[in-house]
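Engineer: In UniProt numbering, the protein residues as written are 50 to 339. First the structure, which I've put down as structure tokens, then a few questions once you've had a look.
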Ligand code: ADP
Ligand code: MG
């Protein structure tokens, strides 16, 4: 890695989250701009996991991770591709998004999820603030802070030669085979909720103006009817979100199936992308509500 922290000049804070603080930085010699995510935790298995997973990914649909560094205070940090139009969370704070823009978003996010799932990575935190936007209208998946790699490491296998050969599939990959549930389906639920939020302009599971009460929220998700699209949505969008928001994981559509859903497959790609790009240059943000 040719990157040293002392080569980077902090320009401003791009965002905060549970996992860290993200700065816009400039590389002094090349003057290239990056995002630097400094993790709040000291080096730990969870920060190690985020770094290892993110560094292993290589796709135009995933925010690129160029290097991992350590700050003078000992905090782990990730040097990321800078996404210059912020997140979909910033965008929805300005206004609800029109359907063609949503079709563009769904197409892009499904490509990213298809890649992640092919790498046996479950993201587990798909939401507007983790979907970042480039000024050209590209949308990339970010924040692998709670992601999970379902691949049992080959190292473990190699170090148990002799016993490993007889292990059943579910012992290598318990979550993928155990019971009837597909661990990747979790990302599809989150995508459905994300699309619903982008369409209505606010998080759909908490009444307008109220702060989330986590116990009530969990009850609503587990025992309530799945949230539905409001009036005014097209039949295709309504159905797309319905296919994602199946409470039973086994009934949820897979990422591959959703990519050929009429809402995505029958949209005019060029037109949807143009409408989405137009949103990036419109109007000021509404003040943050929560
Ligand atoms: P956390 O794990 O704390 O949620 P994230 O990786 O989601 O951290 O980053 C928090 C916020 O910082 C994002 O919602 C986004 O607004 C901003 N951000 C993160 N990474 C980038 C990036 N590569 N380019 C531009 N902004 C970013
Ligand atoms: Mg985040």
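The beta carbon of each residue, even a glycine, is placed where N, CA and C say it ideally should be. Treat the numbers as computed from the prediction; the structure is a model and nothing was measured.
Report all residues from its chain with a CB closer than 8 Å to the CB of residue 313; omit the five preceding and five following residues, and keep chain order.
Structural biologist: If we look at residue 313 and ignore the five residues flanking it on each side, its Cβ neighbours are 152, 155, 156, 159, 289, 307.
Engineer: If distances are taken between C-alpha atoms only, which option among 75, 139, 321 comes closest to residue 129?
Structural biologist: Considering only alpha carbons, the answer is 75.
Engineer: State yes or no: is the beta carbon of residue 101 nearer than 8 Å to at least one beta carbon in chain B?
Structural biologist: The structure shown contains no chain B; it holds only a single protein chain.
Engineer: Report the residue from 85, 101, 240 whose alpha carbon sits nearest the alpha carbon of residue 196.
Structural biologist: Comparing Cα positions, the closest option is 101.
Engineer: Can we say the region 141-148 touches the region 118-132, given the rule of at least three CB pairs closer than 8 Å?
Structural biologist: Not touching, per the Cβ criterion.
Engineer: Note down, in chain order, each residue of its chain lying with its Cβ closer than 7 Å to the Cβ of residue 210, except the 5 sequence neighbours on either side.
Structural biologist: Note that residue 210 scores 43 on pLDDT, short of 50, meaning its location in the model is unreliable; the coordinates nonetheless yield the value given after this. Answer for residue 210: no residue qualifies.
Engineer: So what does residue 320 bridge to, in DSSP terms?
Structural biologist: Beta-bridge pairing links residue 320 to no other residue.
Engineer: Can you list, in chain order, the residues of its chain with a C-beta nearer than 7 Å to that of residue 63? Leave out the 5 residues immediately preceding and following it.
Structural biologist: Taken in chain order, the residues that qualify are 71, 72, 73, 84.
Engineer: Grouping DSSP H, G and I as helix and E and B as strand, with all else coil, what is residue 69?
Structural biologist: Strand.
Engineer: So, under 8 Å CB-CB, residue 175 and residue 182 are touching, yes? Tell me the CB distance rounded to an integer number of Å.
Structural biologist: With 8 Å as the limit, residue 175 and residue 182 do not qualify as a contact, their Cβ atoms being about 15 Å apart.
Engineer: Taking 7 Å as the cut-off, is the CB of residue 178 close to at least one heavy atom of ligand 2?
Structural biologist: Because some heavy atom of ligand 2 lies under 7 Å away, the Cβ of residue 178 counts as near it: yes.
Engineer: For residue 204, which residues in the same chain have their Cβ closer than 6 Å to its Cβ, ignoring the five residues on either side in sequence?
Structural biologist: Note that residue 204 scores a pLDDT of 46, beneath 50, so its modelled location is shaky; the value from the coordinates is reported in the next line. Once the five neighbours on either side are set aside, residue 204 has no close Cβ partner at all.
Engineer: With distances taken from CA atoms, which of 300, 296, 53, 255 is nearest residue 118?
Structural biologist: Comparing Cα positions, the closest option is 53.
Engineer: Can you tell me whether residue 161 sits near ligand 2, meaning its C-beta is under 7 Å from at least one heavy atom of the ligand?
Structural biologist: Checking the Cβ of residue 161 against ligand 2 gives no.
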